[in-house]
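> Residue numbers for the sequence shown follow the working numbering, so the first one is 1029 and each next one is one higher.
Submitted below is the structure of interest, expressed as structure tokens.
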Amino acid sequence: MGNPFRDPLSSFLKHWLLVYLWFLKEHSTRAPEELLPVLRLTAAAMHQKIQLQVENYLFLKYISEDMISPSRKLWRTFVVKGVAMCGDCVEKEYPNRGNTCLENGSFLLNFTGCAVCSKRDFMLITNKSLKEEDGEEIITYDHLCKNCHHVIARHEYTFSIMDEFQEYTMLCLLCGKAEDTISILPDDPRQMTLLF
């Protein structure tokens, strides 16, 4: 691609150089040979101005967001249990979801698009695992970009039974954080009112 500044700037400077030389010729008592140093100085100034424009153009092209390759871009990353998660792919990191705990799936409203391939599409769920520790079920999986397999977030969902309640928690950069407690009894003791 050619430099868009070079041709218009050259034409502009050449025009004003010719106007200046014509003006000197018409209004000067000097001989035409004396105008040669002026011509050289003007040509040097024109060359320097074009060089500055070219450098400015290349600098703007280099720092442009579109010209930075994905391999050189520094993303906001979070490492959780050995998995790097990307903060640039989400609108809000760890949004508060109240009591909405997702055992599977993705919260696509918080997904702004992949920071690597710039596409906003469905996600893959990979590395899904289920562990049981001390009566607690822990489900973990990774959210990946469907197009370039960039790791967006690690999702962790837990389920446990404590006394008369089922407890659910969710923690994910994309899906957010949430907790919920539900009674396993027909009547929730927390909702009971005193009859006396």
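Here a beta-carbon is modelled for each residue, glycine too, at the ideal position from N, C-alpha and C.
Only a predicted model underlies this, so the values are computations on that prediction, with no experimental measurement involved.
1) Return the chain-ordered list of same chain residues with a C-beta closer than 7 Å to the C-beta of C1176, the five sequence neighbours on each side being excluded.
2) Please report how far the alpha carbon of S1211 lies from the alpha carbon of L1158, in whole angstroms.
3) Short check: CB of N1132 to CB of V1118, under 9 Å?
4) For a quick check, are the C-beta atoms of R1125 and C1203 less than 9 Å apart?
5) Helix, strand or coil for A1143, going by three-state DSSP, please let me know.
6) Once you ignore the five residues that flank F1150 on each side, which residues in its own chain have a CB closer than 7 Å to its CB?
7) Use the C-beta contact count for E1190: other C-beta atoms within 10 angstroms, 16 or more gives buried, fewer gives exposed.
8) Using a beta-carbon distance below 9 Å, is P1214 in contact with chain C?
9) Drop a sphere of 10 angstroms on the beta-carbon of A1072, count the other beta-carbons inside from all chains shown, and report buried for 16 or more, exposed for fewer.
10) Would you grab the beta carbon distance between I1167 and Y1196 for me? Rounded to a whole angstrom, and I think it's under 8 Å.
11) For L1201, name the three-state secondary structure that DSSP assigns.
12) For T1209, does the count of other Cβ atoms within 10 angstroms reach 16, so buried, or fall short, so exposed?
13) Who are E1195's beta bridge partners in DSSP?
14) Terminal residues of the continuous beta strand (DSSP E) containing S1134?
Answer, in terms of the structure:
1) For this step, residue 1176 is matched to residue 148 along the sequence shown. Excluding positions up to five away in sequence, the list reads C1142, V1144, C1145.
2) Walking along the sequence shown from the start, residue 1211 turns up at place 183. Walking along the sequence shown from the start, residue 1158 turns up at place 130. Inter-residue distance for S1211 and L1158 is about 24 Å (C-alpha atoms, whole angstroms).
3) In the sequence shown, counting from the first residue as 1, residue 1132 sits at position 104. In the sequence shown, counting from the first residue as 1, residue 1118 sits at position 90. It is not a contact, given that the beta carbons lie outside the stated cut-off.
4) Numbered from its first residue, the sequence shown carries residue 1125 at position 97. Numbered from its first residue, the sequence shown carries residue 1203 at position 175. It is a contact, given that the beta carbons lie within the stated cut-off.
5) Counting from one through the sequence shown, the residue named residue 1143 turns up at place 115. It is coil, neither helix nor strand.
6) On the sequence shown, residue 1150 is found 122 positions in, with the first residue counted as 1. Cβ within range, chain order: K1174.
7) Counting from one through the sequence shown, the residue named residue 1190 turns up at place 162. The sequence given here has Met at residue 1190, not Glu. Its Cβ having fewer than 16 others within 10 Å, M1190 is exposed.
8) No chain C appears in the structure shown, which is made up of a single protein chain.
9) Indexing the sequence shown from 1 puts residue 1072 at position 44. Burial call: exposed.
10) Looking up residue 1167 in the sequence shown gives position 139. Looking up residue 1196 in the sequence shown gives position 168. The distance from the Cβ of I1167 to that of Y1196 is about 11 Å, inconsistent with a contact at the 8 Å cut-off.
11) If you number the sequence shown from 1, residue 1201 lands on position 173. L1201 falls in the coil class under three-state DSSP.
12) Numbered from 1 along the sequence shown, position 181 holds the residue referred to as residue 1209. With fewer than 16 other Cβ atoms within 10 Å, it is exposed.
13) Position 167 of the sequence shown holds residue 1195. In DSSP, E1195 forms a bridge with S1188, T1209.
14) As a working note, residue 1134 is residue 106 in the sequence shown. That residue, S1134, is in no beta strand (DSSP E); it is neither H nor E in DSSP.
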